[in-house]
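Report on the structure given below.
Protein chains: 2
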Amino acid sequence: MPQTFSTLRINPDRMLDAFNQLALIGTTGDGGVNRTTFSEAHLAARKWFREHIEASGLEFHTDGAGNHSARLTFEPANLPTLILGSHLDSVPKGGRFDGALGVMAALEVLKTVRENGIKLKVQLEAMDFTDEEGTHLSLFGSSAISGHLNPDDLKKPYSGRENFSAGLARAGLTEESLFTAKRKKESVAGYLELHIEQGKRLEKRGLNVGIVSAIVGYGSYRMAYIGQADHAGSAAMEDRLDAGQGVAAFILEARQTVMRDFQNCVANVGKIEFSPGASNIVPARADFLLEFRSPDEKQLNQLDAALMKLAREKAEQFGLQVTAEPLGKHTPNLMSAEIQDAFKAACDELGLSSVVLPSGAIHDAQSLVDICPVGMIFVPSVNGTSHSPFEYTEWQDCVNGANVLLQAALRLGL
Amino acid sequence: MPQTFSTLRINPDRMLDAFNQLALIGTTGDGGVNRTTFSEAHLAARKWFREHIEASGLEFHTDGAGNHSARLTFEPANLPTLILGSHLDSVPKGGRFDGALGVMAALEVLKTVRENGIKLKVQLEAMDFTDEEGTHLSLFGSSAISGHLNPDDLKKPYSGRENFSAGLARAGLTEESLFTAKRKKESVAGYLELHIEQGKRLEKRGLNVGIVSAIVGYGSYRMAYIGQADHAGSAAMEDRLDAGQGVAAFILEARQTVMRDFQNCVANVGKIEFSPGASNIVPARADFLLEFRSPDEKQLNQLDAALMKLAREKAEQFGLQVTAEPLGKHTPNLMSAEIQDAFKAACDELGLSSVVLPSGAIHDAQSLVDICPVGMIFVPSVNGTSHSPFEYTEWQDCVNGANVLLQAALRLGL
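Those sequence lines, one after another, are chains A and B.
Residue 1 is where the first sequence starts when you use the working numbering, and the numbers rise one by one after that.
Residue 415 is where the second sequence starts when you use the working numbering, and the numbers rise one by one after that.
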């Protein structure tokens, strides 16, 4: 690569200005953002993104799954596209870096290439994928692009059918339009994503950049323990069929099982509801969502089986029924060796320390592995905190990540 | 008591007809009712009750706390009132017997006395107390009558301030009007209540009637474990401050503590919510309601202390904060010996087997102990089930209870 290109850097102040504008949309007031997919704040962020793209002299594009992007195109028109991106949606009360940093860095790379008049052998596209966080369906924008979206997926969104349909309508989308977002394999040259680590590995080791080797696989279930409602004063403790006891034992022992037998894995119960739901009624039913992850496919299946076995054991122990409806399962996904090499070369060129590691979190990157080479980098998260308003990454680390993204894109696209 | 009165019986078919009409209002479709206080169904049930009273030739009365009643009055007008009653509100998805049986039986007693032209030395009143179940404030109608209602209670209703205010408005009440419902001690001769047992003691022993010796005291708290939100994929299990672990351990061990050290007591966690509340976020916060009961005041205080100690221990174990806001505490209440004797004599006269036992459930009866002698009887619940659509009492047991109520009222009022 010519020396003139290897010294190219993104404009940190311009990127910070855009990043800070975006962080105010749906702000929680304490550093975080509330931008669940198709919420008012999420749609406002996308409107801002579109206007910002158009004001930057880049081409705005959107598709039938609501993915929003900036394009920087070169002749001939049939050059394959190198996509850079992430997502502008957040979890409820999430942080301002998760997803947003990757989109803003991708956009900054396009601005930098454009203002330097660099001609590439690929089209560049800076993408905001729809609903990475799964307000409705995890990774559904990137799944639509890669052709992984299945009509059956639409029947059981996390948010429920009614909220999902209302959300699509607010975004001007339909269930039919989602399937038109699919891209042909030959049209995509690759996909690069910058993201905050959402863990402590880089911070603990004092490293600048993590080059992702693989993205963990995960499984999730909508589960319920079912017992019997009873008067919470007059029904004796030993006569109760208390659904709350089943789920409490499951939550405690699922953690113990993972920590004892599945040391590279995680599991979480993040949502729960008792029915009927009054202080003076023994819970007849405890509905909850279970999610678990592993970097290894075989281990993921073993963890799945162990958790389902535990769920049945706890039902038996407390005289309850248990149900478990699978919501999704993703196998672990390997990142492209070529792109990992490009990231490593970029880090070395920039004088940044790096390490190869798996990603414990799921990302849009994994949706794209079947249609193109995919690579991903992490920058450190302070205290490893994420999915929280207290999520924070030093701005210099954000700038480092954006420069690695730029340099890797140039290495792959020149 | 003259023989002519001791052979008097209520009209079982007339009571059944009224009971069945009422059970259709707010029906869950599977035998239960949804009549939370001030809901549309609850207000419809009260409208039906008013019309039914007026059609029966009894006098309808309501007060500033929304208590609804039928009155059968005698000369002179200043005779004290013997109140019979219970409540028409239900828990969410509750049963059709809880409360409703006591009100319909009370009404049937007044009809029977009226049609037999019996002259009593007390006024009779068949009462539907407001919000026994505590949609907003447990026992709030009977507390208003006895003068126990405190302006501070109104600041933290179970339903939240907004729902409480809206409910009062729907019922045509105001916070000021509630305090006008207070009755003078000299105006009340006594209070009798028939209720289903909501437990298995009568059924297990094959007995017809339970004569209540005391109503258990209870305490309740709005509690929360507070940890930190984190990404449920990338935060290692051992680094998490998962509020769900704290509440799960508390739910399990609270049950063990009660069963091991407080054998006549109960405890329940009937409502719970994780925040932020997504499958892929480690819960930062677990909000829940705790309730516990004991028939003995000293033991109630010991149980309270043991549960609070447990809550703090679990917080420490998982690195969490815990908060506990007291929602209310009622000391156990003793029933009148004179009224217990009247119930026993009535059972004997009717050839019904009976036993003296404490009530594990709270009831409006306990609100009234400071202003008049109070008594209460139970009839068997099939399987002990209550606060559930599957709650059921054989109709003959309901009739037995109503006849005991009638005979005791005659013994006390002639």
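Where a beta carbon is used, it is the ideal one built from N, C-alpha and C, also for glycine.
Short of 6 Å from the beta carbon of Gly-384 (chain A), and not among the five residues preceding or following it, lie these beta carbons of its own chain, in chain order: Gly-199 and Lys-200. With contact defined as three or more Cβ pairs closer than 8 Å, the region 179 to 190 of chain A and the region 138 to 153 of chain A are in contact. In the three-state reduction of the DSSP assignment, Arg-464 (chain B) falls in the helix class, which pools H, G and I. For Thr-544 (chain B), the closest Cβ of chain A is not nearer than 8 Å. Secondary structure at Val-447 (chain B): strand, using DSSP grouped into helix, strand and coil.
Not flagged as an interface residue toward chain A: Asp-567 (chain B), since no C-beta distance is shorter than 8 Å. Residue pairing for Val-788 (chain B): DSSP places it in a beta bridge opposite B:Tyr-605. With fewer than 16 neighbouring CB atoms inside 10 Å of its own CB, Gln-256 (chain A) falls in the exposed class.
Between Lys-271 (chain A) and Ser-453 (chain B), the CB-CB gap reaches or exceeds 8 Å. The beta carbon of Asn-268 (chain A) sits closer than 7 Å to those of Glu-291, all from its chain and outside the five residues before and after it, given in chain order.
When C-alpha distances from Gly-206 (chain A) are compared across A:Ser-213, A:Glu-197 and A:Ala-214, the shortest belongs to A:Glu-197.
Your pair Glu-589 (chain B) and Thr-451 (chain B) does not check out as a contact, with CB atoms roughly 15 Å apart and the cut at 8 Å. Listed as beta-bridge partners of His-777 (chain B) by DSSP are no residues whatsoever. A distance of 8 Å or more separates the beta carbons of Leu-405 (chain A) and Leu-124 (chain A). For the region 179 to 190 of chain A, there are no residues whose beta carbon sits under 7 Å from a beta carbon of chain B. Neighbourhood of Met-259 (chain A) in chain B, by CB distance below 8 Å: Met-651 and Glu-652, in chain order. Fewer than three pairs of CB atoms, one per stretch, sit closer than 8 Å, so the region 141 to 148 of chain A makes no contact with the region 103 to 114 of chain A. Among the residues facing chain A, Asn-492 (chain B) is not included, as its CB has no counterpart in that chain under 8 Å away. Counting the other CB atoms within 10 Å of its CB gives Pro-740 (chain B) a total below 16, which places it among the exposed residues. Under a criterion of Cβ atoms nearer than 7 Å, the residues of chain A adjacent to Ala-692 (chain B) are, in order, Val-91, Pro-92, Gly-270 and Lys-271. A Cβ-Cβ contact shorter than 8 Å links Asn-747 (chain B) with Val-783 (chain B). DSSP places Leu-703 (chain B) inside the beta strand (DSSP E), whose first and last residues are 699 to 708. Under the Cβ criterion (8 Å, minimum of three pairs), the region 208 to 216 of chain A counts as touching the region 347 to 359 of chain A. Around the beta-carbon of Glu-391 (chain A), 16 or more other beta-carbon atoms lie within 10 Å, marking it buried. In this structure, the alpha-carbon of Gln-754 (chain B) lies about 12 Å from that of Tyr-605 (chain B). Contact annotation for Lys-200 (chain A) against chain B: Asp-653 [CB-CB distance below 7 Å, chain order].
Within its own chain, the residues whose Cβ lies closer than 6 Å to the Cβ of His-387 (chain A), once the five positions on either side in sequence are excluded, are Val-91 and Gly-94, listed in chain order. By the CB criterion at 8 Å, Gly-246 (chain A) and Ala-306 (chain A) fall outside the cutoff. In this structure, the straight-line span from the alpha carbon of Pro-12 (chain A) to that of Phe-19 (chain A) is close to 10 Å.
Within its own chain, the residues whose Cβ lies closer than 6 Å to the Cβ of Gly-516 (chain B), once the five positions on either side in sequence are excluded, are Ser-500, Glu-607, Leu-608 and His-609, listed in chain order. For a cut-off of 8 Å, the C-beta gap from Leu-88 (chain A) to Ala-100 (chain A) is around 6 Å, short enough to register as a contact. CA-CA distance, Glu-687 (chain B) to Arg-183 (chain A), rounds to 41 Å. The three-state secondary structure of Gln-642 (chain B), taken from DSSP, is coil. Below the 7 Å Cβ cutoff, chain B contributes Thr-799, Ser-800, His-801 and Ser-802 as neighbours of Asp-230 (chain A), in chain order. Only Ser-138 and Tyr-158 from the region 136 to 160 of chain A bring a Cβ to less than 9 Å from some Cβ of chain B. Considering only beta carbons, the part of the region 734 to 746 of chain B lying closer than 9 Å to chain A consists of Leu-741, in chain order.
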